[in-house]
């Protein structure tokens, strides 16, 4: 996998109806494209270099040409470029085309900021030239971009996050920028420039920021991660470009924040990465009025740096994809509805001698629903085997144990899955397996 994977973009890159992933590597200037199998697993990565051995920070997937084919936009902060890779529609991408920015691009957003119906790129930039700017690369509608249009912030802000939405209900897109110890609102003028609106001081330096409507009232709200205050601040929009603080969601060293409807009730929820060494993802289910239920945490291994949201197994439930910065991997957490797995991460076996069988690794399956969980099949693929106490039905509130062993037939890295067909989902649930034969 990539060295120090950093951010994720998801989309259907090859037109097969399954979500795929694009993942950036922080240090080796590459993007990994992983085509989805439709069950929450992905094919081996195909790599694309971006600007030599430079830094690839953030990646976005967007149809820049209006053709229905997704393209990739990547920030390359060390050489002051935003790189664009045009999609071929079959899951492959063309070579990167660099578009220079005045400062070093840090975070970006996508939208029509010039009002001409064409997709533009907004970037917050910093650098030795002291251009702490908000820059817009105007799109030509064919996947190419013009020279940067600059907005010079009135305050010196070191940006860490950017969210795009229409905060004041006019016809222009606006942006919210998080950094230093505050969130600044920049109201779009419709020509690629912005006017500084209100500034909201946070309890500590904010990081990731995202926008959605938590109240389904047509007004856009903000969720702001505050790692050093161990919380996420919710700012509810008034529809005129101003905001009121609604709630603080607790999450130890809360870093990346995203939103999605994880329980299918039509209300937007929040998911954050929490923890510093012992890490997890924590979900807060929204009540539809800007308040949230207590968080539920799911442990993940390593050092997660980014969380992406999408339906990766086609069951119409929102799943999660997490980059593991220290272990050079991407972890998928499938939304199991009424089923909870512990642990939630893939099962990784120790090295095992060829021709021998490992001790079992165990997963506890809990039925968190109100009706019995019907299990029609449970099987392994690869050089793995399982036993289970689950049987054909698990009562509401009950749990059972799945025990998996690894029996390598040859040397080298091995992968496999546990596949479960049950009444909780229209698609099989998958537990990924890995091990190495010696």
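In the numbering used here, the protein residues as written are 1255 to 1692.
A virtual CB, placed ideally from N, CA and C, is assigned to each residue, including glycine.
*Own chain residues within Cβ distance below 8 Å of residue 1628, not counting five before or after*: If the five residues before and after residue 1628 are omitted, its C-beta is found closer than 8 Å to the C-beta atoms of 1646, 1647, 1676, 1677, all from its own chain and listed in chain order.
*So, helix, strand or coil for residue 1589, using DSSP?*
Correct three-state label for residue 1589: coil.
*Hey, would you say residue 1563 sits closer than 7 Å to residue 1529, going by beta carbons?*
No. Outside cutoff.
*In whole angstroms, what is the alpha-carbon distance linking residue 1614 and residue 1657?*
Cα-Cα distance, rounded: 6 Å.
*Does the region 1603-1621 come close enough to the region 1280-1291 that 3 or more CB-CB pairs lie under 8 Å?*
Judged by pairs of C-beta atoms under 8 Å, the region 1280-1291 does not touch the region 1603-1621, as fewer than three such pairs exist.
*Kindly give me the distance between the Cβ atoms of residue 1596 and residue 1618, rounded to whole angstroms, as I take these residues to be in contact under 8 Å.*
Sure, about 5 Å apart at Cβ, within 8 Å.
*residue 1397 versus 1526, 1655, 1339, residue with shortest Cα-Cα distance*: It is 1339.
_Below 8 Å on the Cβ atoms is my contact criterion, and I expect residue 1620 with residue 1582 to pass it. Report the Cβ-Cβ distance as a whole number of Å._
Wrong, their Cβ atoms sit about 31 Å apart, outside the cutoff.
*So, helix, strand or coil for residue 1354, using DSSP?*
Here residue 1354 sits in strand by DSSP.
*Among residues of its own chain, excluding the 5 on either side of residue 1342, which ones have a beta-carbon nearer than 6 Å to its beta-carbon?*
No residues qualify anywhere along the chain.
*Which class does residue 1471 belong to by DSSP, given the choice of helix, strand or coil?*
Looking at residue 1471 - three-state DSSP - the assignment turns out to be coil, as it is neither helix nor strand.
*If you run the structure through DSSP and keep just helix, strand and coil, what is residue 1558?*
It is a strand residue.
_Using a Cβ-Cβ cutoff of less than 6 Å, which residues in the same chain neighbour residue 1493 once the five nearest sequence positions on both sides are dropped?_
Only 1423, 1473 meet the Cβ criterion.
_Check for me: the beta strand (DSSP E) holding residue 1387 runs from which residue to which?_
Here the beta strand (DSSP E) through residue 1387 covers 1387-1391.
*Look up residue 1311 in the DSSP assignment and say whether it is helix, strand or coil.*
Secondary structure at residue 1311: coil, using DSSP grouped into helix, strand and coil.
*Per-residue DSSP class, three states only, for residue 1621*: Judged by DSSP in its simplified three-state form, residue 1621 adopts strand.
*Ordered along the chain, which non-local residues of its own chain (more than five positions away) have a Cβ less than 6 Å from that of residue 1350?*
Answer for residue 1350: 1304, 1337, 1339, listed in chain order.
*Compare the Cα-Cα distances from residue 1672 to each of 1680, 1666, 1633, 1438 and report the closest residue.*
For the residues 1680, 1666, 1633, 1438, the minimum Cα distance to residue 1672 belongs to 1633.
*Considering only residues of the same chain and omitting the five flanking positions on each side of residue 1525, which have a CB-CB separation below 8 Å?*
Contacts found: 1511, 1512, 1513, 1514, 1516, 1535, 1536, 1537, 1538, 1561, 1563, 1574.
*Beta carbon of residue 1289, beta carbon of residue 1274: below 7 Å?*
The Cβ-Cβ distance between residue 1289 and residue 1274 falls below 7 Å.
*Excluding the five sequence neighbours on either side, which residues of its own chain have a C-beta within less than 6 Å of the C-beta of residue 1264, listed in chain order?*
Once the five neighbours on either side are set aside, the close Cβ partners of residue 1264 are 1273, 1275, 1562, 1564.
*Applying the criterion that 16 or more other CB atoms from any shown protein chain within 10 Å of the CB defines a buried residue, is residue 1736 buried or exposed?*
In the structure as shown, the chain begins at 1255 and stops at 1692. Residue 1736 is therefore absent and cannot be evaluated.
*Determine the closest residue to residue 1321 out of 1399, 1295, 1373, with distance taken between C-alpha atoms.*
Considering only alpha carbons, the answer is 1373.
*Alpha-carbon to alpha-carbon, residue 1631 and residue 1409*: With a pLDDT of only 47 at residue 1409, under 50, the local geometry of the prediction cannot be trusted, and the value read off the model is given with reservation. Near 60 Å, if we compare the C-alpha coordinates of residue 1631 and residue 1409.
*Pull up the distance between the alpha-carbon of residue 1259 and that of residue 1543, whole angstroms please.*
Cα to Cα, the separation comes out at about 35 Å.
*For residue 1367, which residues from the same chain have a beta carbon less than 7 Å from its beta carbon, with the 5 sequence-adjacent residues on both sides left out?*
Hits under 7 Å: 1374, 1376, 1390, 1427, 1442, 1446.
*When you compare only the Cα positions, how much space is there between residue 1548 and residue 1501?*
Straight-line Cα distance between these residues: approximately 12 Å.
*For residue 1270, collect the residues of the same chain with a Cβ closer than 7 Å to its Cβ; drop the 5 residues on either side in sequence, then sort them by chain order.*
Take residue 1270, set aside five residues on each side of it, and no residue of its chain has a beta-carbon closer than 7 Å to its own.
*asked:* Using the three-state DSSP reduction, which class does residue 1409 fall into: helix, strand or coil?
replied: Since pLDDT at residue 1409 reaches only 47, below the 50 mark, its modelled position is unreliable, and the value read off the structure follows with that caveat. The answer is coil: DSSP assigns residue 1409 none of H, G, I, E or B.
*Take the Cβ of residue 1481 as the centre, count every other Cβ of all protein chains shown within 10 Å, and call the residue buried at 16 or more, exposed below.*
Looking at its Cβ environment, which holds 16 or more other Cβ atoms inside 10 Å, residue 1481 is buried.
*asked:* I'd like the list of long-range same chain contacts for residue 1498, defined as Cβ closer than 6 Å, with 5 residues on each side in sequence excluded.
replied: Around residue 1498: 1490.
*asked:* I'd like the list of long-range same chain contacts for residue 1550, defined as Cβ closer than 6 Å, with 5 residues on each side in sequence excluded.
replied: Taken in chain order, the residues that qualify are 1537.
*For residue 1325, which residues from the same chain have a beta carbon less than 8 Å from its beta carbon, with the 5 sequence-adjacent residues on both sides left out?*
Closer than 8 Å at the Cβ level, and outside the excluded window around residue 1325, lie 1315, 1316, 1317, 1318, 1319, 1338, 1339, 1340, 1341, 1347, 1397.
*In three-state DSSP terms, what is residue 1427?*
In the three-state DSSP reduction, residue 1427 falls in the coil class, being neither helix nor strand.
*Name the DSSP beta bridge partners of residue 1504, please?*
Answer is 1485.
*Are the beta-carbon atoms belonging to residue 1278 and residue 1300 less than 7 Å from one another?*
The Cβ-Cβ distance between residue 1278 and residue 1300 does not fall below 7 Å.
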